[in-house]
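Report on the structure given below.
Number of protein chains: 2
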Amino acid sequence: MEDKKKVRSNCGVSLSLDIIGDKWSLLIVRDLAFLGKDTYGDLLKMEEGIATNVLADRLVVLEKAEIITKEIFVGSKSKFKYRLTEKGIDLYPIIMEIMFWGSKYCEVKPEQIGIAKMTKQQRDAFTKDVMKKRHKELTERS
Amino acid sequence: MEDKKKVRSNCGVSLSLDIIGDKWSLLIVRDLAFLGKDTYGDLLKMEEGIATNVLADRLVVLEKAEIITKEIFVGSKSKFKYRLTEKGIDLYPIIMEIMFWGSKYCEVKPEQIGIAKMTKQQRDAFTKDVMKKRHKELTERS
DNA sequence: TTTATTTACTTGCATTTTACAAGTAAATGC
DNA sequence: GCATTTACTTGTAAAATGCAAGTAAATAAA
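Residue numbers (this note's numbering), protein chains in the order written: chain Y, 232 to 373; chain Z, 232 to 373.
Structure, rendered in structure tokens:
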């Protein structure tokens with residue numbers, strides 16, 4: 232994995248996709264943001280089955296981009312805890328919109344079908360709530 | 232380019248990223264959605280410089296996914312017009328959220344800096360407006 | 001205290017995707 | 001009738017991803 236910080240343009244969409252525009256990054260953020268996962272092992276077990284080297288690689292990229300932080304578990308020397316930064320938590324609205332689009336146009340699992348029927352207000356409220364929770368965790372620990 | 236319809240899971244985020252989770256698809260949609268582009272040549276000239284074979288490949292994928300349509304220009308046999316479907320127009324809120332995140336955390340070009348300062352209401356209104364315009368075009372032609 | 005297991009990776013290699021340069025073929029413009 | 005436009009295709013190199021196996025330190029179990 233080389234350090235290649237080449238930027239395609241200065242458009243916000245392009246700059247963002249330079250970082251998160253791949254098939255895995257947002258799934259990692261999804262699992263951290265609302266599936267309660269926070270270790271390498273947890274993330275490795277995500278239902279989509281990410282390859283171990285790809286996960287390792289992505290975690291380094293996301294950490295360098297300051298989307299996640301890596302810290303040692305208290306009382307343990309062999310466990311690390313990955314957590315979203317504020318920048319990472321702010322990716323949540325993107326994920327929510329993607330999830331909404333998916334639930335509208337793709338054959339999603341039963342639990343997610345309902346999302347397509349949510350009103351914009353409901354979705355916004357849900358998004359706000361998740362972000363608030365993660366943000367609270369973030370400020371409480373330091 | 233092979234037909235590989237393998238799906239990683241039935242999560243809406245994952246299913247969506249199976250289609251649009253790459254560095255180019257959403258930039259193509261961006262250019263179609265609000266830069267007024269509609270031909271292969273136009274898209275090829277996008278500021279990020281997409282490779283010609285990648286563009287050709289992505290257009291096929293997006294057409295198969297029913298995100299865009301391809302039609303012949305009236306009065307011309309050598310020009311094609313690419314346009315967003317409703318499913319494609321519905322990607323706009325995702326792009327808008329990505330643009331917002333980018334304008335907040337990346338070094339975007341001067342014209343986009345202001346986006347980071349927009350209130351949620353303003354962004355929602357803008358998004359709604361762009362979608363309304365595209366949707367109007369879509370219904371007017373048929 | 002030795003042994004097994006957990007945790008977080010790395011390494012090597014095959015496959016796929018993307019990048020870059022060049023070429024093609026039909027339609028149009030001059 | 002010849003150059004140009006338009007929309008690609010082809011070939012090849014480089015990068016990203018997928019898969020299987022291996023490693024090394026820390027912890028738990030016997």
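Glycine included, C-beta positions come from ideal geometry on N, C-alpha and C.
Endpoints, the beta strand (DSSP E) within which residue i is located
{"i": "R314(Z)", "result": "F311 to L315"}
{"i": "I259(Z)", "result": "Element bounds for I259(Z): not the beta strand (DSSP E) but the alpha helix (DSSP H), S256 to F265."}
{"i": "E342(Y)", "result": "Taken as a continuous stretch (DSSP letters only), E342(Y) belongs to no beta strand (DSSP E), being part of the alpha helix (DSSP H) at P341 to I344."}
{"i": "K301(Y)", "result": "I299 to I303"}
Chain Y contact for residue i (CB, 9 Å cutoff)
{"i": "M232(Z)", "result": "Reliability fails at M232(Z), whose pLDDT of 49 lies under 50, so the model's placement of it is uncertain and no value is given."}
{"i": "L369(Z)", "result": "no"}
{"i": "K363(Z)", "result": "no"}
{"i": "G243(Z)", "result": "yes"}
{"i": "D249(Z)", "result": "yes"}
{"i": "D360(Z)", "result": "no"}
{"i": "R239(Z)", "result": "yes"}
{"i": "E294(Z)", "result": "no"}
{"i": "I346(Z)", "result": "yes"}
{"i": "E302(Z)", "result": "no"}
Residue i: first and last residue of the uninterrupted alpha helix (DSSP H) it sits in
{"i": "T350(Y)", "result": "First-last for T350(Y): undefined, no H or E at that position."}
{"i": "T283(Y)", "result": "T283 to K295"}
{"i": "V238(Z)", "result": "Counting along the chain, V238(Z) falls outside any alpha helix (DSSP H), and DSSP gives it neither H nor E."}
{"i": "E328(Z)", "result": "Y323 to Y336"}
{"i": "S243(Y)", "result": "According to the sequence shown, residue 243(Y) is Gly rather than Ser. That run of the alpha helix (DSSP H) goes G243 to I251."}
{"i": "D273(Z)", "result": "Y271 to L275"}
Where residue i falls, given that 16 or more other Cβ within 10 Å makes a residue buried
{"i": "A356(Y)", "result": "exposed"}
{"i": "L266(Z)", "result": "exposed"}
{"i": "G243(Z)", "result": "buried"}
{"i": "F331(Y)", "result": "buried"}
{"i": "Q343(Z)", "result": "buried"}
{"i": "A264(Y)", "result": "buried"}
{"i": "E328(Y)", "result": "buried"}
{"i": "P324(Z)", "result": "buried"}
{"i": "D262(Z)", "result": "buried"}
{"i": "D196(Z)", "result": "This structure cannot speak to residue 196(Z), because chain Z is shown only from 232 to 373."}
{"i": "D360(Z)", "result": "exposed"}
{"i": "I303(Y)", "result": "exposed"}
{"i": "V238(Y)", "result": "exposed"}
{"i": "G333(Y)", "result": "buried"}
Chain Z within 9 Å of residue i, Cβ atoms only
{"i": "M330(Y)", "result": "yes"}
{"i": "K351(Y)", "result": "yes"}
{"i": "G306(Y)", "result": "no"}
{"i": "D288(Y)", "result": "no"}
{"i": "L315(Y)", "result": "no"}
{"i": "I325(Y)", "result": "yes"}
{"i": "I299(Y)", "result": "no"}
{"i": "K318(Y)", "result": "yes"}
Integer-rounded CB distance, given that residue j should sit under 8 Å from residue i
{"i": "L322(Y)", "j": "L257(Y)", "result": "7 Å"}
{"i": "S240(Z)", "j": "E279(Y)", "result": "5 Å"}
{"i": "L369(Z)", "j": "E317(Z)", "result": "7 Å"}
{"i": "I298(Z)", "j": "H366(Z)", "result": "Actually they are not in contact, since the Cβ atoms of I298(Z) and H366(Z) sit about 15 Å apart, beyond 8 Å."}
**OP:** Return the residues of the stretch 332 to 343 of chain Y that lie within a Cβ-Cβ distance of less than 8 Å from chain Z, sorted by chain order.
**Re:** W332, G333, S334, K335, Y336, C337, E338, V339, K340 and Q343
Subject >> Residues of the stretch 254 to 276 of chain Z with Cβ closer than 7 Å to any Cβ of chain Y, in chain order >> reply: K254, L257, L258 and R261
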